[in-house]
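Line order of the protein sequences matches chains C and H. Counting with this note's numbering, you get residues 1269 to 1403 for the letters of the first sequence. Counting with this note's numbering, you get residues 188 to 278 for the letters of the second sequence.
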Amino acid sequence: MLTIPRALHDKIVAHARADHPDEACGVLAGPAGSDRPERFIAMLNAERSPTFYRFDSAEQFRVWREMDDHDEEPVVIYHSHTATEAYPSRTDISYASEPQAHYVLVSTRDENEAEFRSYRILDGQVTEEPVTVVE
Amino acid sequence: MAIEVRIPTILRTYTDGAKQVEGTGSTLDELITDLEQRHGGLRDRLVDGGSLRRFVNVYLNDEDVRFLAGLETPVKDGDTVTVLPAVAGGV
């Protein structure tokens, strides 16, 4: 189950819409071990592609080091699909390497209604989980 | 003094859960070979066919070694090497 404040949910959707048709990507950081997303961090998609995303390695280093310094971890890793459903692709699954993270997928294929879904990806296995948006 | 190596969560199975280990060597390649002695299997997660795996980021202090000399990057006592799996995906 992913429990996420409304404000953070909306920031993710807004980011995905803003970068459409390129895939948007980013992180929600939270206190290590808390499973609570608290801080929104939009990341550059170094691929700038409608079908692929990759965190810029220097930016990832700075963000991960900052989280570590503040005893935080990536609670949510999100990205968008711009023409397909909000479900992890084989590529998404093969690169997922933060075992504690909730992988959020947003689809911007419909210009009016964004799809927002969350998954755990462990050892190549995808499990969808319910999302609770807290007002 | 040695070289501090920071290990991401997903590779801590090779270090008995440690988030940081130490090693020696004068290049990144030698350092990884040294780490492999005590943490068997770690090298294969970082290196494929003589070069660093594409979707693993390795940093010497705060620079991605892709922009230095890759596996041949010189390292020395007091340096910090950080490993982070790349975050990527697509359709």
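Heads up, the beta-carbon is just placed ideally off N, CA and C, and yes, glycines get one too. Since the model is a prediction, treat every value here as computed from it, not as a measurement.
Taken atom to atom, the span from the alpha-carbon of residue 1291/C to that of residue 1282/C is near 12 Å.
For the C-beta of residue 1288/C, not a single chain H residue is nearer than 8 Å; the gap to the nearest is close to 14 Å. When C-alpha distances from residue 1323/C are compared across 1353/C, 1358/C, 1346/C and 1383/C, the shortest belongs to 1346/C.
Straight through space, the alpha carbons of residue 1384/C and residue 1368/C are spaced by roughly 19 Å. For residue 220/H, the secondary structure class from DSSP, reduced to helix, strand or coil, is helix.
Using a Cβ-Cβ cut-off of 8 Å, residue 221/H does not count as an interface residue toward chain C, since no Cβ of chain C sits closer than that to its own. Classified as buried, residue 1297/C has 16 or more neighbouring CB atoms from the shown chains inside 10 Å of its CB. Take the alpha-carbon of residue 217/H and the one of residue 1329/C: they are about 23 Å apart. Residues of chain H whose Cβ lies closer than 9 Å to the Cβ of residue 1291/C are, in chain order, 276, 277 and 278.
The bridge partners DSSP lists for residue 1371/C are 1345/C and 1387/C. Between the beta-carbon of residue 274/H and that of residue 233/H there is about 17 Å, and that puts the pair past the 8 Å contact cut.
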